[in-house]
Amino acid sequence: MAIHHALAAPLFLALFLTLPDGRAVKAETIRLTLKNGDTINAELVPDESTDERKVVMHPQLGRLEVSRDAIRPEPTPPAWKSSISAGVIGNNKDGNDDVTATFAATSTYKKDGDKLSLKGGYNYNTTRDGNEPFKVQTDKGSATVRYDRRLSRGISLVTFADYHYNATNEASVNTVKGAVGLGVPLINTPSTQLTLSFGPSFQWGNGGSDCDTDSACGRTYPGASFTTELDWTPNPSFRISLDNNFSALAASELKPTNSFGATIKYFPSITSGMFTSLQFLSTYNSIAKPEIDNTVNGQVGIEF
35 MAIHHALAAP
45 LFLALFLTLP
55 DGRAVKAETI
65 RLTLKNGDTI
75 NAELVPDEST
85 DERKVVMHPQ
95 LGRLEVSRDA
105 IRPEPTPPAW
115 KSSISAGVIG
125 NNKDGNDDVT
135 ATFAATSTYK
145 KDGDKLSLKG
155 GYNYNTTRDG
165 NEPFKVQTDK
175 GSATVRYDRR
185 LSRGISLVTF
195 ADYHYNATNE
205 ASVNTVKGAV
215 GLGVPLINTP
225 STQLTLSFGP
235 SFQWGNGGSD
245 CDTDSACGRT
255 YPGASFTTEL
265 DWTPNPSFRI
275 SLDNNFSALA
285 ASELKPTNSF
295 GATIKYFPSI
305 TSGMFTSLQF
315 LSTYNSIAKP
325 EIDNTVNGQV
335 GIEF
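Okay, here's the thing in structure tokens:
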């Protein structure tokens, strides 16, 4: 349980580690939490560290040996992590009313080689001029299910289904997209995860006042899909998520669709789970009317 301190440690050990083939690389900085509550931020010396002890170079204290019995075990992260958030905005100006309500929910299961992601959201906006009846300007929602199964260290099997609803569309009020393919994790660190996936896909759309006269409405089209997902945590208070899905559909002519989403979360207190978020969603669907749809909203929520 003792921590041994050597004052005569060479300075360069605190900056670099020398590999057996003579190449120098920057040392890894780690954080050790002791059972008494103290923390040590220092550079790991992997050649001297074992399962029973960690050897580190501290910028002020020099070389330290910390036994495994003195280190507080890292808590096992829960397999499920979820969040819910909502926002409401009301406005009255010169007798005109405007009400907007938004809701979003996410849930992720991650254990061993399995990852299941569930996402959903809903946006509603209604306005009224003077004493006239309220008129719905926005009534739309979405739901996504994605499953990743790791096949090897550098590749995974990916399947996903995506549903979009937009009551104000003239064609394709309901849109369903599905795909199966392979995923490649380009970056996988505690703070950054970047995954690319690609494979065959399909898309179906139906509903709307112009659906009966629209040649694409009510039909299913095969195609190919390419997806990029990025989750980045620059520090414990901020979290940024980006995802983009591009598909090319085999209709009478090639029909592209693209969906881009971005979410920024700010946690005022990293222990409470409460956060504020700014969300942006941009959708281009060449077989829907209208083809382009953008949404921006701010919400308050909790993660658990």
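In this text, residue positions in the sequence shown follow the working numbering: the first is 35, and each later residue adds one. No residue lacks a Cβ here, since even glycine has one placed at the ideal position from N, Cα and C.
| Asked | Found |
| --- | --- |
| Could you tell me whether the region 136-143 touches the region 97-106, using the rule of 3 or more Cβ pairs below 8 Å? | no |
| Taking the alpha-carbon positions, what's the ILE221 to ARG187 distance? | 12 Å |
| Work out the CA separation of VAL179 and LYS153 for me, nearest whole Å. | 7 Å |
| Contact between the region 161-172 and the region 309-324: three or more CB pairs below 8 Å? | no |
| Going by DSSP, what residue range makes up the beta strand (DSSP E) through PRO268? | 254-269 |
| What residues in its chain sit with their C-beta under 8 Å from that of ARG65, if we drop five residues either side in the sequence? | THR73, ILE74 and ASN75 |
| In three-state DSSP terms, what is ALA104? | helix |
| Provide the residue(s) that pair with SER320 in DSSP beta bridges, ordered along the chain. | None; SER320 has no bridge partner. |
| Can you tell me which of SER306, ALA296 and ILE274 puts its alpha carbon nearest to the alpha carbon of THR329? | ALA296 |
| Would DSSP call THR329 helix, strand or coil? | strand |
| Go to GLN227, then tell me how far its beta strand (DSSP E) extends in each direction, as first and last residue. | 226-240 |
| So which of CYS245, ALA282, LEU68 and LEU98 has the shortest CA-CA distance to ALA201? | CYS245 |
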